[in-house]
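Participant:
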Amino acid sequence: MSRPLTSATADAHGGTAAPAAATAVGHEAGGDAVLRVTDLTVDFPTDDGVVHAVRGVSYALSPREVLGIVGESGSGKSVTSLAIIGLLPKTARITGSVRFRGEELIGLPDKDMRKVRGEQIAMIFQDPMTSLNPVYPIGWQIAEGIRAHHRDVSRAAARSRAVDLLALVGIPHPKERAANYPHEFSGGMRQRVVIALAMANDPDVIIADEPTTALDVTVQAQILETLQKAQQETSAAIVLITHDLGVVAGVADRVLVMYAGKPVELGSVDDVYYRPRMPYSIGLLGSLPRLDAVDQDRLTPIAGAPPSLINLPPGCPFSPRCPLRQGVCDDEEPALRQTDGQAHYAACHFSHTLESEDGVPEGLFSATSADFSGPIAIMPPTGAVAPTEGPQS
Ligand SMILES: Nc1ncnc2c1ncn2[C@@H]1O[C@H](COP(=O)(O)OP(=O)(O)OP(=O)(O)O)[C@@H](O)[C@H]1O
Ligand code: SF4
Ligand SMILES: [Mg+2]
1 MSRPLTSATA DAHGGTAAPA AATAVGHEAG GDAVLRVTDL TVDFPTDDGV VHAVRGVSYA
61 LSPREVLGIV GESGSGKSVT SLAIIGLLPK TARITGSVRF RGEELIGLPD KDMRKVRGEQ
121 IAMIFQDPMT SLNPVYPIGW QIAEGIRAHH RDVSRAAARS RAVDLLALVG IPHPKERAAN
181 YPHEFSGGMR QRVVIALAMA NDPDVIIADE PTTALDVTVQ AQILETLQKA QQETSAAIVL
241 ITHDLGVVAG VADRVLVMYA GKPVELGSVD DVYYRPRMPY SIGLLGSLPR LDAVDQDRLT
301 PIAGAPPSLI NLPPGCPFSP RCPLRQGVCD DEEPALRQTD GQAHYAACHF SHTLESEDGV
361 PEGLFSATSA DFSGPIAIMP PTGAVAPTEG PQS
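To convert, note that position 198 of the sequence shown is 198 in the numbering used here; the numbers rise steadily by one, no gaps.
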């Protein structure tokens, strides 16, 4: 049901659309990309200063691909997605480019953006009630969601499709349940209804922002399964946002790790899980329970907290928490650059050193904030490529 968009000339969000750079890092999906984000930045002017919430995000999403976006609270995951679908407050200053099937979305007038939302790009939020209206039956809401984009579909046909969708996402007795109101469902069932709503217009992209975070573990797994079913049914590409690297493990094709508003690692699930090249990703993995761990007797959270996005100091934003930091890290922010795989990127001055297992010190994040006193010296393995830039102290 995808329809070409008109080219954007107006700027609804005070943003500037940059020309799409086909060669940007993270654009390896090539010309087939259904969604292409290029050097996206979002600033929020506030009384305390400008919050640099998103500081240059680029990725290209292939048809049917599942991209997991992972990072701690405040890393810019939601703001990136809200910028893509044009739901940021008017005060937000946006630059960069978001192209859906080649057409620019940044600056698209609201009425055109409303057509994109739901019909071509659907969004699933953490709280299902963000998407559901408490005063209408759920079947009616799904049917209206269909008719909002397709007035030629009769009410009866839309109602029938709504029941089919409810069955597909696993709502028992869907015909009867279609007449119920959102409060008559459990949290997990409500999230299934929202997935049905997202599927209603057969979108090309579904962005799911922490869709399982508020649910208990068993229900989380069911919702992820339902999301996979939605993907098979619609052939949509999915952006799955979560703070939990474990959630994306079984679902995503690629993973983008974000820190302080920027991508710091991008690669296949195997790249990021088995060959992490950025200490923050290594730290995230260390705080994840693993069934294959043989000698890990406790989880090791990353000590410290992410920096303020108002007055970011120069250098690597992860430096105050990084056991591998060296002098150069406080002087120069590392760019996202290719590391050992063709489509594996990391933003760390020492990612090449980490290319050998010997370059990752044992128990990298075992120090806590109480006993952490300083950086661990890296011993580059024999034959390893030296740090890519800047002098070492
Ligand atoms: N309207 C706004 N005005 C000012 N700052 C904002 C606004 N919206 C978001 N921010 C800031 O932007 C940064 C990124 O927020 P974002 O919601 O994208 O984080 P997140 O990675 O989704 O975190 P979480 O995991 O908690 O959902 C945060 O520092 C947040 O406080
Ligand atoms: S650039 Fe330096 S501080 Fe940043 S992650 Fe790499 S080693 Fe750590
Ligand atoms: Mg968020």
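We put the beta carbon where it would ideally sit given N, CA and C, even for glycine.
Between which two residues does the alpha helix (DSSP H) harbouring H149 extend?
Facilitator: To locate residue 149, count along the sequence shown from 1; it is residue 149. Its alpha helix (DSSP H) spans residues 138-149.
Participant: Run through the DSSP bridge pairs and tell me what V248 is partnered with.
Facilitator: Indexing the sequence shown from 1 puts residue 248 at position 248. Partner(s): none; V248 has no beta bridge.
Participant: Leaving aside the five residues before and after S351 along the sequence, list all residues of the same chain whose C-beta is less than 7 Å from its C-beta, in chain order.
Facilitator: The residue labelled residue 351 in the question sits at position 351 within the sequence shown. Closer than 7 Å at the Cβ level, and outside the excluded window around S351, lie R277, M278, T339.
Participant: Apart from the five residues just before and just after Q231, which ones in its own chain have a Cβ nearer than 6 Å to its Cβ?
Facilitator: In the sequence shown, counting from the first residue as 1, residue 231 sits at position 231. So the list reads I238, once near-sequence residues are dropped.
Participant: Is G68 closer than 8 Å to V264 when the C-beta atoms are compared?
Facilitator: On the sequence shown, position 264 is the one that residue 264 refers to. On the sequence shown, position 68 is the one that residue 68 refers to. No; because the gap between Cβ atoms is not below 8 Å, this pair is not in contact.
Participant: Quick one: what's got a C-beta closer than 8 Å to Q416's C-beta in the same chain, skipping five residues either side?
Facilitator: The structure shown does not extend to residue 416, since the chain spans only 1 to 393, so no value can be given for it.
Participant: Among V163, A303, L309, L197, which residue has its Cα nearest to the Cα of C322?
Facilitator: Here residue 322 refers to the residue found at position 322 when the sequence shown is read from its first residue. Comparing Cα-Cα distances from C322 to each of V163, A303, L309, L197, the minimum goes to A303.
Participant: Which class does S308 belong to by DSSP, given the choice of helix, strand or coil?
Facilitator: Walking along the sequence shown from the start, residue 308 turns up at place 308. Three-state DSSP puts S308 in coil, outside helix and strand.
Participant: How many Å lie between I106 and Y136 at the Cα?
Facilitator: In the sequence shown, residue 106 corresponds to position 106, counting from 1. In the sequence shown, residue 136 corresponds to position 136, counting from 1. Cα to Cα, I106 sits roughly 33 Å from Y136.
Participant: Could you check what DSSP says for T300 in three-state terms: helix, strand or coil?
Facilitator: What you label residue 300 is simply residue 300 of the sequence shown in a count that begins at 1. Three-state result, T300: coil.
Participant: Quick one: grab the DSSP three-state call for G76.
Facilitator: Within the sequence shown, residue 76 is the residue found at index 76, counting from 1. Note: G76 maps to coil in three-state DSSP.
Participant: Give a single yes or no on whether E265 has its beta carbon closer than 7 Å to a heavy atom of ligand 1.
Facilitator: On the sequence shown, residue 265 is found 265 positions in, with the first residue counted as 1. No, the Cβ of E265 stays beyond 7 Å of every heavy atom of ligand 1.
Participant: Work out the CA separation of A53 and V79 for me, nearest whole Å.
Facilitator: Against the sequence shown, residue 79 aligns to sequence position 79. Against the sequence shown, residue 53 aligns to sequence position 53. Approximately 7 Å, taken between the alpha carbons.
Participant: Can you tell me whether DSSP reads S351 as helix, strand or coil?
Facilitator: Looking up residue 351 in the sequence shown gives position 351. Here S351 sits in coil by DSSP.
Participant: Report the three-state DSSP secondary structure of Y345 (helix, strand or coil).
Facilitator: Within the sequence shown, the letter at position 345 stands for residue 345. Three-state DSSP puts Y345 in a strand.
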